[in-house]
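Protein chains in written order, with this note's numbering: chain W, 1 to 129; chain E, 1001 to 1446; chain A, 2001 to 2490.
Glycine included, C-beta positions come from ideal geometry on N, C-alpha and C.
These numbers were taken from a predicted model, which means no experiment stands behind them.
Notes follow the structure.
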Amino acid sequence: MKIPKELKYAKTHEWIKVEKEIGTAGITDYAQEQLTDVVFVELPQIGKVVSKGEAVAVVESVKSVSDIYAPASGEMVEVNKALENKPGLINEEPYGKGWIFKIKIKNPKELDSLLSAEEYEKSIKEGEK
Amino acid sequence: MRFIPNTDQDRKEILEFLGIKSIKELFKNIPEELLLKKNLKIPKGFSEIELVREMRFLSEKNADLEHYSCFLGAGAYHHFIPAIIPHLMGRSEFYTSYTPYQPEASQGLLQTIYEFQTLICELTGMDVANASMYDGASALAEAMIMAFHITGRKEVIISRTIHPEYREVVKTYAQAKNLKIIEIEYENGITSLEELKRKVSDKTAAVLIQNPNFFGSLEDIKEIERIAHKNKSLFIVAIVEPTSLGLLKPPGELGADIVVGEGQSFGNPISFGGPYLGFMATKDKYMRKLPGRLVGATKDSKGRRGYILTLQAREQHIRREKATSNICTNEALCALAATIYLVSLGKEGLRRVAELSLQKAHYAFEKIKEIDEFEAAFASPFYNEFIVECRDAQGVNRVLLKEKIIGPLELEKYYPELKNHLLFCATEMNSKEEIDGLVNILRKIK
Amino acid sequence: MKLIFEKSKPGRMGISLPDCDVPEKKIEELIPKNSLRSKLNLPEVSEVEVVRHYTKLSTQNYGVDTGFYPLGSCTMKYNPKVNEEIAKFPGFKSSHPLQDEGLSQGALELMYHLEKILSEITGMDGFTLQPAAGAQGELTGLMMVKACFEQKREKRTKIIVSDSSHGTNPASASLCGYESITIKSNERGTVDLEGLKRALNEDVACIILTNPNTLGLFEEEILEITAIAHKKGALVYCDGANMNAFLGIARPGDMGFDIIHLNLHKTFSTPHGGGGPGSGPVGVKKSLVPFLPKPTIKREKDKYSLDYDKPLSIGKIKAFYGNFGVMVKAYAYLRALGPEGLRGVAENAVLNANYLMKKLKSYYYLPFDRTCMHEFVLSGKKQLEKGVHTNDIAKRLLDYGFHAPTVYFPLIVSEAIMVEPTETEPKEILDEFASAMIEIAQEAKENPEIVKTAPHPTTEGGRTPVGRLDAVAAARKPNLRWKKLDKREI
């Protein structure tokens, strides 16, 4: 299970990478493994203003369905259209080609409350108990 | 007991294996005060001979369409059912199976559902259809909820020419879901376009109509579609007498977003109102908003074609409170009857059934209209049901009953303003002789 | 196997219809031309082809008449054949729902008595037979809950469900505009009373419980549960899917439940039809009777009638009166069994379940090891250590000629395998099934590949027409109908 050091994580299994004021987000390797093969992604609407923790996208596998929550507040600026035809990218490259949306961060301070890779790993272990 | 194979000896062996003395011990988790001390107060059990005798006696207290002529439709239609349908429905591999959760052991049923979905798409002119709904009325209610999920709007407009029982069901569902229903009056037997134009708003999730409508008349679908879509509302069409689709333009070609209907006319007995089957079809773009089961084609590891329940993430067992609906069990066996009916008839047969129903209804209409006491109520074109006004609707039915004819519907029951209006129906089952006989009796009523 | 559309040939027909015996008019004179359809692509096949096609398909389908069908929570018991014949009596099969009530006395009498019998079995005061299936019954029940509080002008917005509940529970709640609160089960697999107390307040309209619950366990504290719910003014709903365990033994009404739905296609032996038609009657206590759907059936002396004069009724949830044909079969079943027969059903169902559970528990992990009711839930946890999933075990059972149990439900047991043998199976069949399960457990250890690649189709010595189907591909690129121009071989 990969948990790249350079990313920030939410307890609800989203990751975010921030460059300047734009955050790219997706779901973690752990989350995709739990979901099994992703068959459909409902992408957020571009331009939508969301707050941290709001359900913004939906990821479906054959057996389950999961809401994806915004790891930070802001405006949706881009979505990964490639997922419409190849939802399996989330399984293949959860931190790469399987990214889900880009968000213009409203309040960078919010990011401080996200988890580091170590903290996220710990939270998974606790969740499994 | 003939349905319980365990013998006393079997039970003894099992109890020994479990290390207990009596079956009673298995119920020890139930608080003593809840355990019934006496037998239930229900009639004692019957042998098969007694059972059949009693049930036959009960059944014979009912009139049935094998012994009565019928000119009553109104949402339940007397059509011919070819012998192969009950014969094939008796294949117990079909009827004793559960919902096909193990697709590899359920290919027979899954393939028939896939064929059913294909047939419904073809008939309605839509892109995707589900595996069936409870009945036409609840399918219409579910379509309304689907429109709410798609548009986020909380009002629906429903024409009063929709089957009154369907409107009741829609109202019940709307009330639960906190949606508002706005009814539109009719004019000359069809939905009032003027009133519709006045009442649509940016709150309207959908406009609901029935075609042919409850009065048998054909609605101005094209115009209603324009009004609905201009307002960015969905346009939902209900088909209650689906043999009409043998002749009529499919609603999909006329811009419907969701088409629902009642499939009873397709090979299912009239059976005192159920079980029937609802059908539901929509456009590709709304596929994931559909309620109910969907069967899809796929392949096995060796590339062999097979069928499987799919897109289940929409459904209650996965999405729970966010599911498109709570429906699980639907009407699969009735859908199988409809499938066999439609493929047996084929393109010529279904068209023929529709033509016969149309011609006979119009013949009856012309003949009844000639009688002084009966007058046509509306001038709109109709399919196989029509309304005439008379002096005493109840009196008419009283006389017909004596002649072993199940007569037309007295509309006052549902439409207080239509006192002494009768809704007649004819299908391929009504012979000329029967219709002439009806007309002769009506002529004698003073 | 080919689709019926692929067998079509122009000019063939599977039915003969009479000539038109009334003077014919031109269609265009009767229906405006722009309302007529231009094409109708239905297949053209002869009668014999239709019969062979669907007969062949039926042989590719597994039913209770084929063999053991231990699908937990579905009560796949034997469907008595005489009931099928009775439902075909003309008076049942061919009566019009809107014909004069005087002509429908047999049907109304049957429904009236069926309601009475179901009331006695469940300990309720009134029943509706209108719902077409359990889920619709559940919806009807919650609609009554809502109507009842609206009438009392109490605003309650929440429904409590258990984490072991059927998915229909929260889905029905949401169709009534309620928010669902899920409470966790305790380590005994039943409702956690303390957790329930914490969740319970004046916002809660209703608690939905399945009893016996979906783990096949009796809710031992049911009397306390219903009492504390009532104290807070909430109603308690019984998902009656598992009523088979209670017939003639105990009554949900006595337990304090206010509402229950039954599944005639589970407990009362009517065939499930491959996914319906079902029937989901709902029973209620006195205080909720005024809210039942209309019409209800009224008896005055020996005359039965439909009563629409119900000002507090939630309305109609289905056209006409429900799935009458299904009611006929259930009524016949109840009349055949009588009180002793019904009790025998529950006793043997529970006996069979405990027998199978004990036979299997040393081979499969049993998370709640105590006396079960009519069903029990195993976990494939031990087998997972070798990479064998519960789904693989289910598929392998098909190779052994059995239908699989319910899998991955309830959600609170990982790799769940839910087994419900029912009372209509002899001990020998239970032994055969247990042997197959034990062999599969052995295979999972020694030869996991054979389990992981199951089922093995007939061409490879198995029993199914196809091998394991690709559910992921089906969901990623949905193909939900046959298309003539579609050249893809799928």
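task = Measure the Cβ-Cβ separation of I1049/E and G2338/A and say whether it is below 8 Å.
result = Locating residue 1049/E in the second sequence gives position 49, where the first residue counts as 1. Locating residue 2338/A in the third sequence gives position 338, where the first residue counts as 1. Cβ distance not < 8 Å, so I1049/E and G2338/A don't count as in contact.
Residues from the stretch 43-57 of chain W in contact with chain E, defined by Cβ distance under 8 Å = With the criterion set as a beta carbon lying under 8 Å from some beta carbon of chain E, the stretch 43-57 of chain W has no members that meet it.
inquiry  = Considering only the alpha carbon of each residue, which of R1056/E, P1005/E, P1100/E, R1011/E lies closest to Q1312/E?
reply    = The residue given as residue 1312/E occupies position 312 in the second sequence. Nearest option by C-alpha distance: P1100/E.
request  = Can you grab the Cα-Cα spacing for the pair V50/W / L111/W, in whole Å?
outcome  = Counting from 1 along the first sequence, the entry for residue 50/W is found at position 50. Counting from 1 along the first sequence, the entry for residue 111/W is found at position 111. When rounded, the distance between both Cα atoms is 15 Å.
Simplified DSSP state of K2477/A, which is helix, strand or coil = Mapped onto the third sequence, residue 2477/A falls at position 477. In the structure shown, K2477/A falls within a coil segment according to DSSP collapsed to helix, strand and coil.
task = Compare the C-alpha of S2162/A against each of G2134/A, G2195/A, S2269/A and name the closest.
result = Taking the first residue of the third sequence as position 1, residue 2162/A is located at position 162. The option with the nearest alpha carbon to S2162/A is G2195/A.
task = Spell out whether any CB of chain W is found under 8 Å from the CB atom of Q1312/E.
result = Indexing the second sequence from 1 puts residue 1312/E at position 312. Q1312/E counts as touching chain W.
6 Å Cβ shell around E2047/A - same chain, five flanking residues per side excluded = Along the third sequence, one-based indexing puts residue 2047/A at 47. Within the same chain, E2047/A has close Cβ partners G2014.
ask   = Applying a beta-carbon distance threshold of less than 9 Å, which residues of chain A neighbour D131/W?
value = Residue 131/W cannot be examined here, being either before or after the span of chain W that is shown, 1 to 129.
Distance, N2348/A Cα to T1007/E Cα = Taking the second sequence and counting its residues from 1, one reaches residue 1007/E at position 7. Taking the third sequence and counting its residues from 1, one reaches residue 2348/A at position 348. Their backbone Cα atoms lie some 10 Å apart in a straight line.
request  = Please state if the CB of T28/W and the CB of I3/W are separated by a distance shorter than 8 Å.
outcome  = On the first sequence, position 3 is the one that residue 3/W refers to. On the first sequence, position 28 is the one that residue 28/W refers to. In this structure, I3/W sits near T28/W, with a CB-CB distance shorter than 8 Å.
ask   = Given a limit of 8 Å on CB to CB distance, which residues of the stretch 2391-2411 of chain A reach chain W?
value = Residues passing the 8 Å Cβ filter: Y2408.
Alpha-carbon to alpha-carbon, A1256/E and M76/W = What you label residue 76/W is simply residue 76 of the first sequence in a count that begins at 1. What you label residue 1256/E is simply residue 256 of the second sequence in a count that begins at 1. Their Cα atoms are separated by approximately 33 Å.
inquiry  = At the 8 Å Cβ level, is I1318/E part of the contact set with chain W, yes or no?
reply    = Your numbering for residue 1318/E matches position 318 in the second sequence. Chain W, which has a Cβ nearer than 8 Å to the Cβ of I1318/E, makes this yes.
key: Endpoints, alpha helix (DSSP H) assigned at V1439/E   = Against the second sequence, residue 1439/E aligns to sequence position 439. Counting along the chain, the alpha helix (DSSP H) containing V1439/E begins and ends at 1432-1444.
ask   = Can you give the Cα-Cα distance for L1294/E and V1207/E, rounded to whole angstroms?
value = For the purposes of this step, residue 1294/E is taken as residue 294 along the second sequence, with counting starting at 1. For the purposes of this step, residue 1207/E is taken as residue 207 along the second sequence, with counting starting at 1. Approximately 25 Å, taken between the alpha carbons.
inquiry  = Quick check on the DSSP output: what are the complete beta strand (DSSP E) runs of length 3 or more inside the stretch 1276-1302 of chain E, in order along the chain?
reply    = Counting only unbroken stretches of 3 or more residues, the beta strand (DSSP E) elements lying wholly within the stretch 1276-1302 of chain E are 1278-1282, 1295-1299, in sequence order.
key: Cβ neighbours of L1193/E in the same chain (closer than 6 Å, five flanking residues each side left out)   = As a working mapping, residue 1193/E is identified with position 193 in the second sequence. Within the same chain, L1193/E has close Cβ partners E1223.
query = At least one CB of chain A closer than 8 Å to the CB of P71/W: is that the case?
reply = By one-based count along the first sequence, residue 71/W stands at place 71. Taking Cβ atoms only, chain A never reaches closer than 8 Å to P71/W, which makes this a no.
ask   = Which parts of the stretch 1019-1090 of chain E are runs of the alpha helix (DSSP H), unbroken and 4 residues or longer, counting only runs that do not cross its ends?
value = 1048-1059, 1084-1089
inquiry  = Check whether chain A comes within 8 Å of L1193/E, counting only Cβ atoms and requiring the distance to be less than that.
reply    = The sequence position of residue 1193/E within the second sequence is 193, counting from 1. Not closer than 8 Å to any Cβ of chain A, the Cβ of L1193/E fails to qualify, so no.
key: Contact under 8 Å by Cβ, G1136/E with C1425/E   = Numbered from its first residue, the second sequence carries residue 1136/E at position 136. Numbered from its first residue, the second sequence carries residue 1425/E at position 425. No; because the gap between Cβ atoms is not below 8 Å, this pair is not in contact.
key: G127/W versus E121/W: straight-line alpha-carbon distance, rounded   = For the purposes of this step, residue 127/W is taken as residue 127 along the first sequence, with counting starting at 1. For the purposes of this step, residue 121/W is taken as residue 121 along the first sequence, with counting starting at 1. Rounded to the nearest whole angstrom, the C-alpha separation of G127/W and E121/W is 10 Å.
inquiry  = Taking 8 Å as the threshold (C-beta atoms), are L1051/E and A2436/A in contact?
reply    = What you label residue 2436/A is simply residue 436 of the third sequence in a count that begins at 1. What you label residue 1051/E is simply residue 51 of the second sequence in a count that begins at 1. No, they are not a contact pair.
Inter-residue Cα distance where the pair is D2486/A and F2005/A = Here residue 2486/A is taken as the residue at index 486 of the third sequence, counted from 1. Here residue 2005/A is taken as the residue at index 5 of the third sequence, counted from 1. Confidence at D2486/A is low in this model, with a pLDDT of 47, below 50, so the placement of that residue should be treated as unreliable; the coordinate-derived value is given next. Taking C-alpha positions only, D2486/A is separated from F2005/A by approximately 12 Å.
ask   = What does DSSP give as the partner residues of G26/W in its beta bridges?
value = Locating residue 26/W in the first sequence gives position 26, where the first residue counts as 1. Note: G26/W sits in a beta bridge opposite W15/W.
message = For Y1286/E and V1396/E, what's the separation of their Cα atoms in angstroms?
response = Mapped onto the second sequence, residue 1286/E falls at position 286. Mapped onto the second sequence, residue 1396/E falls at position 396. In a straight line, the C-alpha of Y1286/E is about 48 Å away from that of V1396/E.
query = Using CA coordinates, which residue listed in T2214/A, P2010/A, S2180/A is at the minimum distance from H2374/A?
reply = Residue 2374/A sits at position 374 when you count from the first residue of the third sequence. Closest option to H2374/A, Cα to Cα, is T2214/A.
inquiry  = Quick check on this structure: which residue in V2413/A, F2218/A, Q2099/A, K2056/A has the alpha carbon closest to the alpha carbon of L1423/E?
reply    = Translated into the one-based positions of the second sequence, residue 1423/E becomes position 423. Selected option, being the one with the closest Cα: Q2099/A.
query = From what residue to what residue does the beta strand (DSSP E) around L2108/A run?
reply = Here residue 2108/A corresponds to residue number 108 of the third sequence, with the count starting at 1. Here L2108/A belongs to no beta strand (DSSP E); instead the alpha helix (DSSP H) covers 2105-2122.
ask   = Is T2458/A buried or exposed, if buried means 16 or more other CB atoms sit within 10 Å of its CB?
value = Position 458 of the third sequence holds residue 2458/A. The residue is exposed, with fewer than 16 neighbouring Cβ atoms inside 10 Å.
inquiry  = Taking only three categories from DSSP, how would you classify S1106/E?
reply    = As a first step, residue 1106/E is located in the second sequence; it is residue number 106 there, counting from the start. Looking at S1106/E - three-state DSSP - the assignment turns out to be strand.
task = My understanding is that R1306/E touches T1298/E, with C-beta atoms under 8 Å, so please give their C-beta distance in whole angstroms.
result = Walking along the second sequence from the start, residue 1306/E turns up at place 306. Walking along the second sequence from the start, residue 1298/E turns up at place 298. Per the sequence presented here, residue 1306/E reads as Gly, with Arg not at that position. Rounded, the Cβ-Cβ distance is 6 Å, consistent with contact.
message = Tell me the DSSP secondary structure of V2326/A in three-state form.
response = Translated into the one-based positions of the third sequence, residue 2326/A becomes position 326. Per DSSP, reduced to three states, the secondary structure at V2326/A is helical.
inquiry  = Any contact between the stretch 2082-2092 of chain A and the stretch 2222-2241 of chain A? By contact I mean 3 or more CB pairs, one from each, below 8 Å.
reply    = no
ask   = Over what stretch of residues does the beta strand (DSSP E) that includes Q1210/E continue unbroken?
value = Numbered from its first residue, the second sequence carries residue 1210/E at position 210. Q1210/E -> beta strand (DSSP E) spans 1204-1210.
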